[in-house]
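Engineer: Numbering (this note's numbering), first residue to last: 34 to 102.
Take a look at this one; I'll ask things after.
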């Protein structure tokens, strides 16, 4: 039986055979896939303060004036 390897690009996880992965490493790197055991980063939870700091306040729209007939 072929040895399987798990790949991820951050959003999607796929499993391919090790032989297929090694034959197409450049293809997988170009698409952003790396082996799952190399990634293993903790996902940081966003807090309300972090989100509110990044929100851009919109300027009020100018009212268009029309000539009265």
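Built from N, CA and C at the ideal position, the CB exists for glycine as well.
Quick one: grab the DSSP three-state call for residue 34.
Structural biologist: In the structure shown, residue 34 sits in coil (DSSP, three-state: anything other than H, G, I, E or B).
Engineer: In the structure shown, what three-state DSSP assignment does residue 178 receive?
Structural biologist: What is shown of the chain runs 34 to 102, which leaves residue 178 out entirely.
Engineer: Have a look at residue 46 and residue 80 and give me their C-alpha separation to the nearest angstrom.
Structural biologist: If you take the alpha carbons of residue 46 and residue 80, they lie about 26 Å apart.
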